[in-house]
Amino acid sequence: MASITAKCAALLLLCAGTLHHAALAENRPHQLRIMTYNVRGGMDIEGVRNYDHAADVIRQCRPDVCALQELDSMTARNGQTDALQEYARRCGMYGTFARAIEYDGGAYGIGLLSREKPDTVLRIPLPGREERRVLLVAEFPDYVFMATHLSLTEADQLTSIRMIDSVAGLYPHKAVYLAGDMNFTPDSEPCHHLRQTFVPLNDTTQCSWPADNPRDAIDYIWGYVGTGHQYRALEREVVHATSQSDHRPVFCRVRYRP
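In mature numbering (1 follows the signal peptide of the UniProt record, and there is no 0), the protein residues as written are -25 to -1, 1 to 233.
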């Protein structure tokens, strides 16, 4: 009887230890490698189209998710090519496209490269006086990723930020990221407004445009803090890519705790 009791006690201790380690595993902070890159439709800084150049930069950074801006999809000017899928194939990632406008027999907009296929995707129109803009929202099991390319007009940027904030608030139980070419600088009013509910994860003192001699920081990666999530940038850099596009890509490795 004593032997059986001892065995039961040992089994309970083993189960308790297993459950303890499982709980620790579930509470470990998640990490994500994030990138945003305005690829200029696949054209380098001299205006020559070559998808290999920017794709090489993306592969070297090994992002889990990457926002891309200025993509042609089946337009005459890019030879009826789906630019996003050219990058997806070269990088071995899943591609999700969001059309902002119809253009030249096809479409023009933004895209997302990801290691896994999103569970759900939303494409939400945003204002743009010079051209319409779009917000791409991709939901994954552990996080939500929003990609965009904002208008050049400050009033449209402010309206877009209010819309983006409303969308981010729909996911209270997941970390929410925002990345893209925002077309505003860190000292601007739109940036101050976005900082009310988002925290910048890239170093906003490092400039990303133009690629050959950067003087403006207009490309960003953000984490939504409106629902209490915490983020820590473990790595962050403006990638030294001087000629593959007219922008340099922005990269960060982020740890977040639900």
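All C-beta atoms, glycine included, are put in the ideal place defined by N, C-alpha and C.
Since the model is a prediction, treat every value here as computed from it, not as a measurement.
Among the options, the one whose alpha carbon lies nearest that of residue i
i: Gln44; options: Gln55, Gln6, Ile76; result: Ile76
i: Arg52; options: Gly86, Arg37, Gly17; result: Gly17
i: residue 262; options: Ser218, Asn25, Lys92, Met49; result: Here the chain covers residues -25 to 233 and nothing more, so residue 262 does not appear.
i: Ala73; options: Asp187, Gln55, Ala42; result: Ala42
i: Tyr69; options: Pro185, Gln55, Leu88, Met49; result: Leu88
i: Gln205; options: Ser163, Pro147, Ala154; result: Pro147
i: Glu164; options: Glu61, Asp27, Glu129, Thr50; result: Glu129
Distance between residue j and residue i (C-alpha atoms, nearest Å)
i: Asp156; j: Gly67; result: 23 Å
i: Arg64; j: Leu46; result: 15 Å
i: Arg232; j: Lys149; result: 9 Å
i: Phe173; j: Val213; result: 20 Å
i: Arg94; j: Ala113; result: The displayed chain sequence assigns Asp, not Arg, to residue 94. Near 7 Å, if we compare the C-alpha coordinates of Ala113 and Asp94.
i: Gln132; j: Ile99; result: 14 Å
i: Asp117; j: Leu145; result: 14 Å
i: Arg230; j: Val14; result: 26 Å
i: Cys166; j: His5; result: 27 Å
i: Gly201; j: Phe115; result: 19 Å
i: Tyr199; j: Leu59; result: 26 Å
i: Leu101; j: Ala143; result: 15 Å
i: Arg37; j: Gly84; result: 23 Å
i: Thr56; j: Asp187; result: 27 Å
i: Asn2; j: Ser141; result: With a pLDDT of 45 at Asn2, under the threshold of 50, the modelled position of that residue is not reliable, and no figure is offered here.
i: Glu106; j: Arg24; result: 23 Å
i: Gly22; j: Gln171; result: 38 Å
Residue(s) in a DSSP beta bridge with residue i
i: Met10; result: Cys41, Phe226
i: Asp79; result: DSSP, once it has assigned bridges, lists no residue as partnering Asp79.
i: Ala73; result: Ile85
i: Leu109; result: What sits at residue 109 in the sequence shown is Val, not Leu. For Val109, which the question treats as bridged, DSSP gives the partners Pro100.
i: residue 246; result: For the chain, the structure presents residues -25 to 233; residue 246 sits outside this window and is missing.
i: His5; result: Tyr231
i: Tyr26; result: In DSSP, Tyr26 forms no bridge with anything.
i: Ile196; result: Ala154
i: Pro175; result: Trp197
Whole-number beta carbon distance between residue j and residue i, since they are thought to touch under 8 Å
i: Asp194; j: His222; result: 6 Å
i: Arg137; j: Leu176; result: Not confirmed; about 21 Å, so no contact.
Residue i vs residue j beta-carbon contact at 9 Å
i: Pro224; j: Val32; result: yes
i: Gln219; j: Asp19; result: yes
i: Leu97; j: Leu111; result: yes
i: residue 241; j: Pro161; result: Outside the shown range of the chain (-25 to 233) lies residue 241, about which nothing can therefore be said.
i: Val119; j: Tyr152; result: yes
i: Ala82; j: Thr11; result: no
i: Cys182; j: Arg8; result: no
i: Ala216; j: Ala29; result: yes
Any chain C beta carbon closer than 9 Å to residue i
i: Ile196; result: Of the protein chains in this structure there is only one, and it is not chain C.
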